[in-house]
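Residue 97 in full-length UniProt numbering sits at position 97 of the sequence shown, with consecutive numbering throughout.
Report on one structure; see the data block that follows.
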Amino acid sequence: MEVLRSSILGSQQLFPPLKLYSFKTRFSLSKLIPFSSSLSSSSSLSSLREDRGKFRSLIESFDPKTPLEEAFTPPSSWYTDPSFYALELEKVFYKGWQAVGYVEQVKSSHDFFTGRLGSVQFVICRDANGDLRAFHNVCRHHASLLASGCGQKSCFVCPYHAWTYGLDGRLLKATRISGIQKFNVHDYGLQPINVATLGPFVLINMDSSNTNSANENCKRVAEEWLGSCSEILSTNGVDLSLPHVARREYSINCNWKVFCDNYLDGGYHVPYAHAALASGLNLQTYSIDIFEKVSIQTCEGIQEGSKKDFDRLGSKAMYAFIYPNFMINRYGPWMDTNLVLPLGFDKCQVIFDYFLDCSLKDDKAFIERSLEESERVQMEDIILCEGVQKGLESPAYCSGRYAPTVEHAMRHFHCCLHQNLI
Ligand code: FES
Ligand SMILES: [Fe+2]
């Protein structure tokens with residue numbers, strides 16, 4: 001496990017028999033889908049059918065209809081199988097709107113930042129006209145990554161052979177290609193990705209059926225991303241105008257869902273694993289509300305009279321989970337967001353961005369102490385998550401059970417995923 005620190009402009013950086021399933025091939029499902037001409041032979045098609053059959057069995061081994069009290073959690077293969085991970089990338093992350101960054105990172109013309117979602121390398125930039133753009137960050141010559149990190153640029157020059165692209169994605173210069181035939185410069189611009197902003201968040205959508213580009217309709221994006229929940233979030237104190245003050249990045253040796261599950265256990269682990277955090281919360285007041293693709297957990301802080309001079313959590317904490325991998329947390333003067341990026345079946349990166357009430361944004365001592373406390377909680381969670389991943393990989397474990405009074409949000413997450421995968 002490693003921790004990276006940076007500012008906002010820093011680098012982006014069910015059952016027991018299921019152990020019988022074994023999908024060890026490492027491939028992307030996109031390479032299985034019949035748009036690839038290489039799959040036209042009958043043997044390829046039959047193996048494709050076979051693979052789909054295996055996936056179907058694996059997905060259907062989780063039953064979303066069983067009542068929570070009797071339900072089993074998804075089988076460990078969902079967390080340990082490389083080909084299941086490839087399926088998730090295709091069906092979950094390469095479709096629909098995905099949070100990738102913040103408007104502040106691309107505030108002015110020529111600002112850009114890069115990132116990765118699964119195997120997709122992307123660059124987000126604001127072109128000379130002020131339009132927000134997103135592209136696959138891959139040179140059209142020999143596939144070199146084009147831009148890296150973040151900052152300001154007037155064009156993207158490939159570090160390999162210096163092909164040069166405008167911030168609007170056009171190929172401006174292809175070096176030393178004299179003699180090339182059947183080459184139209186207009187065919188070799190950067191591959192665009194749909195991009196939109198919602199409040200302070202930058203979202204991308206790699207679904208090719210979603211054909212709009214720069215100016216996505218905010219209302220439609222909000223509906224697609226948050227369902228009926230956008231107003232509920234604002235009434236729970238989500239203030240999209242708070243200034244950004246810090247970023248922390250954690251690389252964790254666990255499947256991305258292990259981190260989400262840990263977040264979604266309704267405070268179950270808090271008294272056992274986060275003693276300091278538990279002392280600031282009245283866990284008896286924990287409540288959970290479930291919406292289409294969002295779940296909201298709330299908990300009151302401890303009574304005013306027993307608070308000390310330092311109060312990071314305030315009178316109420318709200319933890320909103322936006323399927324599949326984004327969390328918005330609001331407590332006291334703070335709002336933080338957690339973006340869980342899958343990096344492999346057993347590895348993920350979590351990016352924490354911290355926003356703070358304007359009145360405190362220059363209070364360095366308060367910020368430092370709050371971040372220290374928050375970081376302690378993250379370190380405690382990382383140890384738990386990495387331990388769970390090891391346990392999931394053990395032959396002793398196949399699937400678990402839900403604690404019915406607290407783990408509804410986790411169950412909802414698993415059901416959303418099941419729905420998404422079928
Ligand atoms: S790979 Fe980019 S110019 Fe050759
Ligand atoms: Fe935790």
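Every residue, glycine too, gets a C-beta built ideally from N, C-alpha and C.
### Query
Any heavy atom of ligand 1 closer than 6 Å to the Cβ of Cys385?
no
### Query
Helix, strand or coil: which one does DSSP assign to Gln105?
helix
### Task
For Glu368, count neighbouring C-beta atoms within 10 Å of its own C-beta (all shown protein chains included) and say buried if the count is 16 or more, exposed if not.
exposed
### Message
Helix, strand or coil, according to DSSP, for Tyr21 in the structure here?
### Response
Residue placement at Tyr21 is poorly supported in this model, since its pLDDT is 33, which falls under 50; the coordinates still yield a value, given next. The answer is coil: DSSP assigns Tyr21 none of H, G, I, E or B.
### Query
Run through DSSP, which three-state label would Ser359 get?
helix
### Message
Less than 6 Å between C-beta atoms, sequence neighbours within five positions excluded: which residues of the same chain meet that for Gly53?
### Response
none
### Task
Determine the closest residue to Phe326 out of Leu226, Ile59, Gly151 and Pro74, with distance taken between C-alpha atoms.
Leu226
#### Entry: Residues near Leu9 by beta carbon distance below 7 Å, same chain, minus five either side
Note on Leu9: pLDDT 34, under 50, position unreliable in the model; the coordinate value appears next. Closer than 7 Å at the Cβ level, and outside the excluded window around Leu9, lie Gln105 and Cys150.
#### Entry: Whole-angstrom distance between Arg126 and Tyr331, CA atom to CA atom
32 Å
#### Entry: 6 Å Cβ shell around His412 - same chain, five flanking residues per side excluded
Ile290 and Ser295
#### Entry: Arg133 classed as buried or exposed, judged by whether at least 16 other C-beta atoms fall within 10 angstroms
buried
#### Entry: Which listed residue (Gly96, Gly101 and Glu69) has its alpha carbon closest to that of Tyr323
Gly96
### Query
Should Asp346 be counted as a contact of ligand 3 given a C-beta to heavy atom distance under 6 Å?
Only ligand 1 and ligand 2 can be found as ligands here, which leaves ligand 3 out of the picture.
### Task
Starting from the N-terminal side, write out each stretch of the beta strand (DSSP E) that is 3 residues or longer and does not extend beyond the region 232 to 316.
244 to 252, 281 to 290 and 294 to 301
### Identity of the residues DSSP links to Pro342 by a beta bridge
Cys348
### Task
Out of Cys155, Val138 and Cys385, state which residue places its alpha-carbon closest to the alpha-carbon of Ala273.
Cys385
### Task
Evaluate the contact criterion for the region 83 to 97 versus the region 395 to 404: three or more CB pairs, one atom per stretch, below 8 Å.
no
### Message
For His136, report the span of its alpha helix (DSSP H) as first-last.
### Response
Per DSSP, His136 belongs to no alpha helix (DSSP H); it is in the beta strand (DSSP E), Leu132 to His136.
### Query
Since Phe135 and Gly169 are thought to touch, with beta carbons under 8 Å apart, how far apart are those beta carbons, to the nearest angstrom?
5 Å
### Message
Quick check on this structure: which residue in Tyr188, Asn217 and Leu281 has the alpha carbon closest to the alpha carbon of Asn194?
### Response
Asn217
### Task
Could you have a look at Arg170 and say whether DSSP puts it in helix, strand or coil?
coil
### Message
Please give me, in chain order, every unbroken run of the beta strand (DSSP E) with length at least 3 that falls completely inside the region 135 to 200.
### Response
150 to 152, 155 to 157, 164 to 166, 171 to 173 and 194 to 198
#### Entry: Residue from Tyr263, Tyr188 and Ala317 with nearest C-alpha to Thr235
Ala317
### Task
Closer than 5 Å is what we want: which residues have a beta carbon that near any heavy atom of ligand 1? List them in chain order.
Cys139, His141, His142, Ser144, Cys158, Tyr160, His161 and Trp163
### Message
Is any non-hydrogen atom of ligand 2 found closer than 6 Å to the C-beta of Asp265, if you look at the structure I gave you?
### Response
no
### Query
So what does DSSP say about Leu32, is it helix, strand or coil?
Residue confidence for Leu32 is low, a pLDDT of 33 falling below 50, so the modelled location carries little weight; the figure read from the coordinates is stated next. Coil, per DSSP.
### Whole-angstrom distance between Gly280 and Met206, CA atom to CA atom
41 Å
### Message
Taking the alpha carbon of Ser148 as the reference point, which residue from His142, His141 and Val157 has its own alpha carbon closest?
### Response
Val157
### Query
Using the rule of at least 16 other Cβ atoms within 10 Å of the residue's Cβ for burial, across every protein chain shown, is His414 buried or exposed?
buried
### Query
Residue range of the beta strand (DSSP E) that Ile124 falls in?
Val120 to Arg126
### Message
Check whether chain C comes within 7 Å of His186, counting only Cβ atoms and requiring the distance to be less than that.
### Response
Among the protein chains of the structure shown there is no chain C, as only one such chain exists.
### Message
Whole angstroms are fine: how far does the CA of Glu70 sit from the CA of Phe112?
### Response
49 Å
### Task
Examine ligand 2 and report whether any of its heavy atoms sits within less than 6 Å of the Cβ of Asp381.
yes
### Query
Which of helix, strand or coil does DSSP assign to Tyr323?
coil
### Query
Among Ile302, Tyr268, Asn282 and Trp334, which has the Cα closest to the Cα of residue 435?
There is no way to answer for residue 435, as the model of the chain reaches only from 1 to 422.
### Enclosing alpha helix (DSSP H) for Asp381 [first to last residue]
Lys364 to Glu393
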